[in-house]
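J.:
Protein chains in written order, with our numbering: chain A, 98 to 469; chain B, 877 to 1424; chain C, 6 to 239; chain D, 140 to 330.
1) Which stretch, first to last residue, makes up the beta strand (DSSP E) that contains residue 1116 of chain B?
2) Hey, could you find the ends of the beta strand (DSSP E) residue 1239 of chain B is sitting in?
3) Could you please tell me which residues of the region 289 to 308 of chain D, in chain order, have their CB closer than 7 Å to any CB of chain B?
4) Who are the neighbours of residue 1278 of chain B on chain D, taking C-beta pairs under 7 Å?
5) Among the residues of its own chain, which have a CB less than 6 Å from the CB of residue 147 of chain C, if the five just before and after it don't count?
6) Kindly indicate if chain C contains any beta-carbon less than 8 Å away from that of residue 234 of chain A.
7) Buried or exposed, going by whether 16 or more other CB atoms sit within 10 Å of the CB of residue 1336 of chain B?
8) Taking all protein chains shown into account, do 16 or more other C-beta atoms lie within 10 angstroms of the C-beta of residue 1287 of chain B, making it buried, or fewer, making it exposed?
9) Residue 383 of chain A and residue 423 of chain A: beta carbons closer than 8 Å?
10) Give every residue of the same chain whose Cβ lies closer than 8 Å to the Cβ of residue 973 of chain B, excluding the five residues on either side of it in the sequence, and list them in chain order.
11) Distance, Cα to Cα, residue 216 of chain A vs residue 156 of chain C?
12) Would you list the residues sitting across from residue 962 of chain B in a DSSP beta bridge?
13) Determine, using beta carbons only, whether residue 193 of chain A and residue 152 of chain A come nearer to each other than 8 Å.
14) Determine, using beta carbons only, whether residue 207 of chain C comes closer than 8 Å to chain A.
15) Going straight from the alpha carbon of residue 189 of chain C to that of residue 165 of chain C, what length do you get?
16) At 8 Å on the CB atoms, spell out the chain B contacts of residue 182 of chain A, in chain order.
17) Sorted by chain position, which residues of the same chain lie with C-beta nearer than 7 Å to residue 420 of chain A's C-beta, five sequence neighbours on each side aside?
18) When you compare only the Cα positions, how much space is there between residue 235 of chain A and residue 147 of chain A?
19) Give the range of the beta strand (DSSP E) segment to which residue 1089 of chain B is assigned.
20) When you check each C-beta in the region 397 to 411 of chain A against every C-beta of chain D, which residues fall closer than 7 Å?
21) Could you work out which residue in D:178, D:165, D:300 and D:192 is closest to residue 270 of chain D when comparing CA atoms only?
22) Could you tell me the distance, in whole angstroms, from the CA atom of residue 150 of chain A to the CA atom of residue 1127 of chain B?
23) For residue 247 of chain C, which three-state DSSP category applies?
24) Starting from residue 925 of chain B, follow the beta strand (DSSP E) in both directions and report where the run begins and ends.
25) Just the Cα atoms here: how many angstroms apart are residue 213 of chain A and residue 198 of chain C?
26) When DSSP labels each residue in this structure, what does residue 300 of chain D get in the three-state scheme?
27) Alpha carbon to alpha carbon, how far is residue 1149 of chain B from residue 411 of chain A?
28) Flag residue 53 of chain C as yes if its beta-carbon sits less than 8 Å from any beta-carbon of chain D, otherwise no.
29) At a CB-CB cut-off below 7 Å, which residues of chain D make contact with residue 1282 of chain B?
30) For residue 269 of chain D and chain A, any beta-carbon pair shorter than 8 Å?
31) Do you know offhand how far residue 56 of chain C's Cα is from residue 261 of chain D's?
32) Name the DSSP bridge partner or partners of residue 1214 of chain B?
33) Which residues in the same chain as residue 132 of chain A place their Cβ atom closer than 7 Å to its Cβ, once the five residues preceding and following it in sequence are excluded?
34) Counting only beta-carbon separations shorter than 8 Å, does residue 1128 of chain B have a partner in chain A?
35) Could you compute how far the alpha carbon of residue 361 of chain A sits from the alpha carbon of residue 140 of chain D?
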């Protein structure tokens, strides 16, 4: 069965806008820069190493998958979608994750969650989050230990994270091939180094961290509260840039942020536990921003109708808050986005807009009478 | 201010409603508006397709070898959808034969070939003394006789459109001068230079369809035309409305939505909600037919595109060849990569330049590689939804695309494929460069073919049933005749129907051919075939009904 | 597709018409129980037993079963056998019974069984039914064994751990080892999602083999199982 | 009230019938992949699962357990579920035109749904009060219906996807279900 329309006749329109998928994807990556840069500043080279590792593996795997499926490798690599998946996946991974963790996740993301579905545009679930959740379920311990080079003493001497030694250290942690890092794993996890402050709040309670929280933001103090706050600001900026460029629509991020804000206001309980913290904490103290602007808005797996997008955002927002506050998993974004993806096709079907000329009351009465 | 008015339930008459979707495109119009509207020298040879809208042919009333004069009737309207055709100049009908016409397939249609004698002798025209004195039926008849069809592009015979409106009653007549497509400037040039005539034409149309209101609609960035029109409208009851620039506000359904806030029901004519839309060019043709008594033998055509040295608007004789016009503008053949008739978004690309201008050809664009870069390869749909934002029919093009690829026509119908007006806005914005419209067209064609097959099979089933019936009747009658029994004509229907229930229960197999059983077997077979063949359509119907 | 499968009275076979891998029937217990090979075997054999017995019963009673209520009859028949089996297991294999838990009584509404009754047993002689049920049952066992060994191997790097469970209870108690839990390589394989995904990959592998076989045997172009509607280039 | 709500959420999401407990999985794959049809199936399944498990619960606690007839539970349960399915279908038919009424498969999928028996068995085994059990049944039935709907829409979309040949059909659907189950695992501990 031929699915391509006949190519003999060149059909209207003859003009096109100058947007292209490859460029859109590059812009998405560009919008990640502020957040990634801030994260690197606070969490060290591990962040960048993750992204680089993920990107290189993603491109290789994508090329292999395309080759296996007999597609034009150069043409389809040029859509840059594998890169976006890799960047998002790299951001989500804890800095200092071993290379084989990254490889495993990326393999699942690119091959299973994307190419088995037929490649870009056909996948039902966000590939990066599929890979991430797989790792989270399989290796919960590894996925929640973060390596932060700043305050780590190696052989009794401390060094700057941004020196060559720091870089070397980070590389060794990620890829033990280059030599083994002389750190035992508990050392690599210090007080600031957990995945998100919320996790700490959930575990450690309020005392110490809220104090740090109140101390205010400083670019140079590198404490975790400020770090997450600024990282989130970075992603917020990137996200607003994407909305400004009309690459993503505002519906999904707004719905998510509104829902999270509403839920956290509703359940705000200053005295009980930090996990019921302020809306500000929930928005900026965790991965909410990157989730709302970059991960949930992946167009392929998100809902596409306007109302569908809003419901989709609400579902994700509820799931983010619910899993974060009451659930036992530490990371809520990935699960929430996958849940949203799961609901998206149904939402799209149920929230079809009213078609022009189809009666304002009844939604899209499909006609079957077709003039011959 | 408009918001305040809306909140208070007031509406200033000039405030248009919002339409769904739409895109912003570069206009490219100024270059063809730099020079004045120009008449075209009479070419030596004119080719006049008998069907000016590529629909039903008109009936030629001249023969090869006839000498004709300008404005003489060459072909008269026959079946609905055809329009009368008149001689654009005097000369000799050299032949009536097939020639390539301006469609994307380069197909051949029956055309009258007219050899111009260069004298341009016209038959005497009879201007109407006072068109206001005529009643609407007379006006209709004259418009029909003048061979006027929609000059905006679709070419629907104007008289038929008017009479459609007559049945349901028209409240509002919209004169559409919104040329939302880039490059086209024919209507603007017309209004700029002959605005008064357009207004008169609009008034004639208004009285021809007994409309109570009439609005001329323009895009708000066309300052010259607006000014000219304002002047022309000074003592007129016709209103002027300007719409924000954008594509496709000039589409019939969209302009109705913008002006009235109403939507044309799916699969209905605008007349059903009391609105008629005519193109400004059509109004001008009506003016000429009434006031000058001249039938429609020319139209305003925009010639534009980078390869043309002097792009301009021509008052072109119908039947002039495209290459002749391009030569008049001085075409740079090295840069010329293709030709579009119509706009770049809804027009069609001509396979050859040797085709005649028709009544519907509002614009001829010479393409260049700079303005029309070759198509980029189609990438995967990432469901970005840009297309859904752009769609003026509020469809979900990304879904329709997926269904079209999957040949899932049941879903296609449920998602309103046939409400697509093929404006091309979706394909214009698609970052993956998917030729969406092409997919929809082929899906529509597939669905239509499927339905046609279905109708056909129903037809043959009926034929077969009748055939079986005849055979059976012969068989039944034969033994009677042989035995010579004096039995009256078989009353087959009634008793059989009564027996049917008994027969169902009766398991004894009669060897005799039972007509009733044959019928049932056929009906079963029919049902099976129908179910198999039209499984998609059928279930979509049930889907559709219960979904609503 | 599904309705077609349901109605298809194609000859049952552990490979071409496997109840689990091809018809996607009776997935619930397969997915839930296939964490270890022993569990899988236990459940597979129990299901096959119920299938055999109820098929024969239905086929002998087929003239007496009311057409309208036949599905209820199937359910009742399988439920009776399941109840008996459940009690027997509880008596003789209590450790295994504990492992399998709720999925033993659930055999009574296993579609792999019920559909076979509907498609074959209700209108065939018991001999033919016996053969059919045996084939289907073995298909079920094959599928569950394949999946559970895969999961066990990935999950713990071992196979047939806790094999003692398959012994009758009094003997199992004697050999139950202390260190029955093998070292865990990955938690994931023991989770339900892994069951889904691995079963999907198993089916894909089977399709791949089928396609290869078909290419080798004949160049005829018949789609396997699924109507494949898209062959686009993207 | 809060407790009942949390039981419902727990039953619908945290202990989702299909994607966490793997009960009634066949319904996800065996029925039509048209959402329109699935809505009916989901609706009827919801009613039947809820009502049947409620009746079974009452039957068990009120009749079987006091009389010491626990071993008859399974027989009772299947009887109740198939009779109830017929009743529900018949009574719904009066008000809505059900396209699935005449399809045997739909009837089987509802009556033989292992989630009914599973839920009934879980209820009989649990220590909860009757009201809590009812709430649990309600939540579980709702969870089942929602997953069925979402998954059918998913399948509908997969139908048009350009899936590599070996993965077409069952394989890709199972993998999708697996990923969906992954995301439902995220609800662990929610209540």
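We treat Cβ as the ideally placed atom computed from N, Cα and C, and that holds for glycine.
T.: Taking the structure as given:
1) 1115 to 1119
2) 1239 to 1244
3) 298 and 299
4) 299
5) 19
6) yes
7) exposed
8) buried
9) no
10) 986, 987 and 989
11) 27 Å
12) B:949
13) no
14) no
15) Because residue 189 of chain C carries a pLDDT of 49, less than 50, the predicted location of this residue cannot be relied on, and the following value inherits that uncertainty. C-alpha separation (whole angstroms): 15 Å.
16) The contacting residues do not exist; residue 182 of chain A stays about 12 Å from chain B at best.
17) 426, 429, 432 and 433
18) 19 Å
19) 1089 to 1095
20) none
21) D:192
22) 52 Å
23) Here chain C comprises residues numbered 6 to 239, so residue 247 of chain C is not present and cannot be evaluated.
24) 921 to 925
25) 17 Å
26) coil
27) 39 Å
28) no
29) 298 and 299
30) no
31) 24 Å
32) B:1243
33) 328, 331, 332, 335 and 387
34) no
35) 21 Å
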